[in-house]
Amino acid sequence: MAMQALEGLKIIKCKLSCFPPGLANNKRHALRELTLRELNNLTSVENFTSVVKLVVFDCPKLKRISGISRLHKIRIVRCPKLEVLQGVPVLDSIELEDGTIERLPGYLPCVNPRFLKLICSKELHDSIISGSSSECEKISHITKHDINYVEEDSDED
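According to the UniProt record's numbering, numbering within the sequence shown proceeds without interruption in unit steps and concludes at 157.
Shown next as structure tokens:
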């Protein structure tokens with residue numbers, strides 16, 4: 001098998017819609033970090049069993065992340081269609097960044113990280129911080145939070 005010792009992989013700005021056969025192979029034990037950036041056609045990331053750190057950034061069609069059994073840390077930036085995050089039993093830290101989201105993703109109650117870093121809209125931030133929103137229930141099981149919001153640009157001079 002080629003590239004058995006590959007420890008990190010970054011795939012940036014390509015038309016990839018799915019991974020080549022063999023890349024997400026359970027015999028590929030060295031691949032620890034995977035960064036996916038600006039992949040406009042990618043719909044899923046699955047079965048990278050040795051990956052411990054995953055970054056997905058500006059993947060607008062990404063719907064599913066699953067079967068990454070050793071994943072400890074994930075960073076998800078502007079992936080608005082992501083619906084499924086599963087098969088990540090040892091996930092310790094999740095970072096979500098999207099200044100346009102008005103609701104927390106539905107997959108959050110299904111994962112059990114120790115830490116959540118969230119950068120969201122001011123409206124979502126305020127509703128979570130006030131504790132009056134049903135959105136709070138989605139993250140109540142996560143023990144540590146760092147919740148901030150993106151400042152809106154002002155068009156006033």
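Beta carbons are placed, not taken as given, at the ideal position from N, Cα and C, and that holds for glycine.
Am I right that residue i and residue j are in contact with their C-beta atoms under 8 Å? What's the rounded C-beta distance?
{"i": "Lys61", "j": "Thr43", "result": "5 Å"}
{"i": "Leu6", "j": "Leu39", "result": "Going by Cβ atoms, the distance from Leu6 to Leu39 rounds to 18 Å, so no, they are not a contact pair."}
{"i": "Ser50", "j": "Lys73", "result": "That belief does not hold up - the Cβ atoms of Ser50 and Lys73 are roughly 14 Å apart, past 8 Å."}
{"i": "Thr143", "j": "Arg103", "result": "With 8 Å as the limit, Thr143 and Arg103 do not qualify as a contact, their Cβ atoms being about 22 Å apart."}
{"i": "Val150", "j": "Ser121", "result": "7 Å"}
Please report the residue range of the beta strand (DSSP E) in which residue i lies.
{"i": "Glu38", "result": "Unbroken run through Glu38: none, as it is neither H nor E."}
{"i": "Glu46", "result": "44-46"}
With which residues is residue i paired in a DSSP beta bridge?
{"i": "Asp126", "result": "None; Asp126 has no bridge partner."}
{"i": "Asn148", "result": "Ile119"}
{"i": "Gly8", "result": "Glu33"}
{"i": "Ser66", "result": "Glu46, Gln86"}
{"i": "Val55", "result": "Thr35, Arg75"}
Would you kindly report the start and end of the unbroken alpha helix (DSSP H) that includes residue i?
{"i": "Ile139", "result": "135-139"}
Taking residue i as the reference, which of the options has the closest Cα?
{"i": "Ile68", "options": "Glu97, Val52, Val77", "result": "Val52"}
{"i": "residue 176", "options": "Asn148, Tyr107, Thr100, Pro21", "result": "Absent from the model: residue 176. The displayed extent of the chain is 1 to 157, so no value can be given."}
{"i": "Arg70", "options": "Asp58, Phe48, Ser134, Val56", "result": "Phe48"}
{"i": "Ser66", "options": "Lys138, Val77, Asp58, Leu54", "result": "Leu54"}
{"i": "Ser127", "options": "Glu46, Asp58, Ile101", "result": "Ile101"}
{"i": "Gly22", "options": "Asp146, Glu33, Glu46, Ile12", "result": "Glu46"}
{"i": "Leu118", "options": "Cys110, Glu137, Ser140, Ile147", "result": "Ile147"}
{"i": "His125", "options": "Pro20, Phe57, Asp98", "result": "Asp98"}
{"i": "Pro109", "options": "Leu91, Cys120, Ser121", "result": "Leu91"}
{"i": "Gly87", "options": "Leu96, Val111, Cys79", "result": "Val111"}
{"i": "Lys15", "options": "Ser132, Asn41, Glu33, Arg37", "result": "Asn41"}
{"i": "Phe57", "options": "Lys13, Gly131, Pro105, His141", "result": "Lys13"}
Hey, would you say the C-beta of residue i is under 7 Å away from at least one heavy atom of the ligand ZN?
{"i": "Leu54", "result": "The model depicted lacks the ligand ZN and carries no ligand whatsoever."}
Any chance you could list the beta strand (DSSP E) runs of at least 3 consecutive residues sitting entirely within the segment 75-100, in chain order?
84-86, 93-97
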